[in-house]
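Chains as they are written, first to last, in the numbering used here: chain A, 70 to 527; chain B, 51 to 215.
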């Protein structure tokens, strides 16, 4: 018996030591912060474009503050993570990081000193980024203004505050390695897949996550959530009443709206804002890839889309339910609210993006979750600062909770032909009460970061 | 339908989908709130409902039954302007004046919720209200002045010596 326990102990120790050896990563020696002359100007400019695709500034800059100085609170189901300072400051930023250390952080999620990084930094996507593109990103970031500022410490409970735990997470969920072309697909498709799944990290929002915060492997782009918003499915489950095509998705990503789908809002407004720097060919490649993930729409969907188009071209301006007779039912009351509060824009004749979307076309109204409809009704679409943008007033002060649910019930019935969302009241209460935090952003545009509205050092 | 406007109860006959703005102007003859864009994008129609600023052009009257509505007429009279109105007069903040009732109501809602609102708070709160004449700087000064007036009034009324303002 004693021998048995001895061997168990030896095994445990050996396993533990092996795990520790696996989990620990070596530090990469510090360097003198490289001078601007060390980088080719064209490379820096390429890095600027790539940093936009990666949306680096969204997390690494606090709105209205110094670019890339970090400190933004990123709420996660496990606690609050504060983004790091990625300016080239030698003490508090990445000034002492070599190219190798930077590339390792992107590819493996490990910092220069060898600590595992939390996957709030989406290295599960950035691992796909090529060495060449990491070179350009490094050149760009190392030539930004250094800011000497140490962000707040993360607020995570034990054991999640022990970074070694992340080695286990990586073992379970992380596939390391740069993107490799799929031979059976076109060069454009591969370019799109590289951008969408790599630096673009679309799946970080659009793929559902498991209880440990990892993207579910079998549900790639099947719809997730971000910052209090539903990120719609980009596969066959897309709720868009008129199916996306390469051309419509290209236009949407390029200009931030499309007549068949409306304007980008919530966190997606920042994405289309950021993509403004990308050449047409790359946006087209992204559209090609995503539309291929959606596949050919089913015949019923195509027929329904045709029906919607016919309806919009023949009886535009008509209100779907006569209001006067039904003010005693939830949908009847909702119809009254719609007529006075929404129809002037959403059932009017002004074209998009400054006129409202007809809800027959709305993914939000057709989506499985009422969350985006709730967010939009309560908070609207705020005006962007210093540029044109589509706007919508919020109705949080105007509508009581029961009035919002009446309105939502009407929108579902009249425009999606579906019953009211069963979880609308609960989600509404959690959203209004602040238990479910929502970030409210202007449409199509980045509010933070270099040469963009909102950063202090613009 | 029963409405409470500036503390006065009213009985009105209106289709439930009628915008509150039309009821105020056409039925109750309270013409302070203005029709600007009709889309909730200019703020000329702003009134207060239960202490919060709303666009009355986009608010079906059905929604405000039994709630406390306040319009610019409720802030004071010609002879005795309230602190917000007095501040706007003293700063000569109106040019054509069309936006001013809405500006005052949104500013009033801010100061009632946040009596010590800073200049940045005022700028942010007034963001939805547009002024085509361009008197924004005077409007901002007027709201800051109204804030100081209201604070000294409330300090005086809670103090022992009292002070005429």
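Beta carbons are placed, not taken as given, at the ideal position from N, Cα and C, and that holds for glycine.
{"Query": "Are residue 301 (chain A) and residue 127 (chain A) close, meaning C-beta to C-beta below 7 Å?", "Result": "no"}
{"Query": "Looking at the strands, I want to know which residues DSSP matches up with residue 54 (chain B).", "Result": "B:59, B:118"}
{"Query": "Using three-state DSSP, classify residue 548 (chain A) as helix, strand or coil.", "Result": "Examination of residue 548 (chain A) is not possible in this model, given that chain A is present from 70 through 527 alone."}
{"Query": "Given that residue 405 (chain A) touches chain B, what residues does it touch there, using C-beta distances under 8 Å?", "Result": "66, 67, 110, 112"}
{"Query": "Against chain B, with Cβ distances strictly below 7 Å, would residue 421 (chain A) count as a contact?", "Result": "no"}
{"Query": "Flag this pair as yes or no: are the beta carbons of residue 181 (chain B) and residue 94 (chain B) separated by less than 7 Å?", "Result": "no"}
{"Query": "For a quick check, are the C-beta atoms of residue 100 (chain B) and residue 118 (chain B) less than 7 Å apart?", "Result": "yes"}
{"Query": "Classify residue 129 (chain A): buried if its beta carbon has 16 or more other beta carbons within 10 angstroms, exposed otherwise.", "Result": "buried"}
{"Query": "Can we say the stretch 197-204 of chain A touches the stretch 95-102 of chain A, given the rule of at least three CB pairs closer than 8 Å?", "Result": "no"}
{"Query": "Does the beta carbon of residue 132 (chain A) sit closer than 7 Å to a beta carbon anywhere in chain B?", "Result": "no"}
{"Query": "For residue 357 (chain A), which residues in the same chain have their Cβ closer than 8 Å to its Cβ, ignoring the five residues on either side in sequence?", "Result": "255, 257, 258, 261, 315"}
{"Query": "Using DSSP bridges, identify the partner residues of residue 450 (chain A).", "Result": "A:461"}
{"Query": "Mind checking which residues open and close the alpha helix (DSSP H) that includes residue 195 (chain A)?", "Result": "192-195"}
{"Query": "Just to make sure I have the definition right: I need the residues of chain B whose C-beta is within less than 8 Å of the C-beta of residue 462 (chain A). Which are they?", "Result": "90, 91, 105, 108, 178"}
{"Query": "Shortest alpha-carbon distance to residue 169 (chain B) belongs to which of B:157, B:179, B:178?", "Result": "B:157"}
{"Query": "Can you look up residue 327 (chain A) in the DSSP assignment and give me helix, strand or coil?", "Result": "strand"}
{"Query": "Check each candidate in A:465, A:405, A:139 and name the one with the smallest Cα separation from residue 497 (chain A).", "Result": "A:465"}
{"Query": "Would you verify that the beta carbon of residue 102 (chain B) is, or is not, closer than 7 Å to some beta carbon of chain A?", "Result": "yes"}
{"Query": "Go ahead and label residue 193 (chain A) buried or exposed: buried means 16 or more other beta carbons lie within 10 angstroms of its beta carbon, across all protein chains shown.", "Result": "buried"}
{"Query": "From residue 423 (chain A) to residue 84 (chain B), what distance separates their C-alpha atoms?", "Result": "22 Å"}
{"Query": "Does the Cβ-Cβ distance between residue 116 (chain A) and residue 205 (chain A) come in under 7 Å?", "Result": "yes"}
{"Query": "For residue 96 (chain B), which residues does DSSP report across the bridge?", "Result": "B:105"}
{"Query": "Could you list which residues in chain A have their beta carbon closer than 8 Å to that of residue 99 (chain B), in chain order?", "Result": "466, 467"}
{"Query": "Along the stretch 478-503 of chain A, where does the CB come closer than 8 Å to a CB of chain B? Name the residues.", "Result": "none"}
{"Query": "With the cut-off set at 7 Å, would you say residue 434 (chain A) and residue 485 (chain A) are in Cβ contact?", "Result": "yes"}
{"Query": "From the DSSP output, which residues share a beta bridge with residue 278 (chain A)?", "Result": "A:284"}
{"Query": "Check distances from the C-beta atoms of the stretch 248-279 of chain A to those of chain B and list, in chain order, the residues that come in under 8 Å.", "Result": "none"}
{"Query": "For a contact defined as C-beta to C-beta under 7 Å, what are the partners of residue 128 (chain A) on chain B?", "Result": "Within 7 Å Cβ-Cβ: nothing; residue 128 (chain A) doesn't reach chain B, min ~24 Å."}
{"Query": "When the Cα of residue 86 (chain B) is compared with those of B:105, B:144, B:73, B:74, which residue comes out closest?", "Result": "B:105"}
{"Query": "Tell me which residues share the same chain as residue 212 (chain B) and place their Cβ nearer than 7 Å to its Cβ, disregarding the 5 neighbours each side in the sequence.", "Result": "Confidence is the limiting factor: at residue 212 (chain B) the pLDDT is only 40, short of 50, which leaves the residue's position unreliable, though a coordinate-based value still follows. So the qualifying residues of the chain are 206."}
{"Query": "Could you say if the stretch 217-228 of chain A and the stretch 152-164 of chain A meet the contact criterion of at least three C-beta pairs nearer than 8 Å?", "Result": "yes"}
{"Query": "When burial is assigned at 16 or more other CB atoms within 10 Å of the CB, is residue 120 (chain B) buried or exposed?", "Result": "buried"}
{"Query": "If residue 293 (chain A) sits next to residue 278 (chain A), beta carbons under 8 Å apart, how far is it from one beta carbon to the other, in whole angstroms?", "Result": "6 Å"}
{"Query": "Could you give the residue range of the beta strand (DSSP E) that holds residue 145 (chain A)?", "Result": "142-145"}
{"Query": "According to the Cβ coordinates, are residue 149 (chain A) and residue 138 (chain A) closer than 7 Å?", "Result": "no"}
{"Query": "Grouping DSSP H, G and I as helix and E and B as strand, with all else coil, what is residue 490 (chain A)?", "Result": "coil"}
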